[in-house]
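In the UniProt record's numbering, the protein residues as written are 1 to 132. Report on the following structure.
Here is the structure:
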């Protein structure tokens with residue numbers, strides 16, 4: 001869900017298509033050293049579209065041949081949709097080994113099947129799962 005400026009909260013889930021911005025280009029916008037390999041950035045140079053407050057923890061997804069992949073988790077940005085300040089996301093692939101080992105470990109110790117639902121980050125990366 002997204003908060004829109006000077007408008008009531010939408011009743012339907014909002015989405016936006018954004019181009020990926022290289023980490024080196026993204027680092028030029030933010031303080032030196034603030035963009036790491038654990039992050040990825042997305043947004044338009046001219047601004048106008050972005051994730052915003054209230055979107056933290058939401059997914060950045062891509063699709064290829066009909067398959068959806070979660071590439072990022074909304075983390076932070078400067079304002080909302082400002083020119084030259086892309087949104088910053090947690091790079092899910094950097095945590096893939098940890099996610100899989102946590103699922104495997106939890107599954108083998110509990111004897112239950114676990115279905116991974118989503119990833120979320122506000123201050124840390126949380127793993128959300130459901131026991132079937």
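Where is the CB? At the ideal position from N, CA and C, for every residue including glycine.
First and last residue of the uninterrupted alpha helix (DSSP H) at residue i
i: residue 26; result: 23 to 29
Nonlocal neighbours in the same chain, by C-beta distance under 6 angstroms from residue i, ignoring five residues either side
i: residue 58; result: 74
i: residue 51; result: 74, 87
i: residue 39; result: 88, 91
Under the three-state DSSP convention, the category residue i falls into
i: residue 61; result: strand
i: residue 11; result: coil
i: residue 35; result: coil
i: residue 78; result: coil
Start-to-end residues for the beta strand (DSSP E) that takes in residue i
i: residue 52; result: Where residue 52 is concerned, there is no enclosing beta strand (DSSP E), given that its DSSP letter is neither H nor E.
Contacts around residue i, its chain only, beta-carbon distance under 8 angstroms, and the 5 residues preceding and following it disregarded
i: residue 197; result: Nothing about residue 197 can be read from this structure; the chain reaches only from 1 to 132.
i: residue 35; result: 23, 26, 27, 41, 88
i: residue 79; result: 85
Beta bridge counterpart(s) of residue i as assigned by DSSP
i: residue 72; result: 60, 91
i: residue 41; result: 21, 88
i: residue 67; result: 64
Cβ neighbours of residue i in the same chain (closer than 7 angstroms, five flanking residues each side left out)
i: residue 21; result: 41, 42, 43, 86
i: residue 94; result: 37, 38
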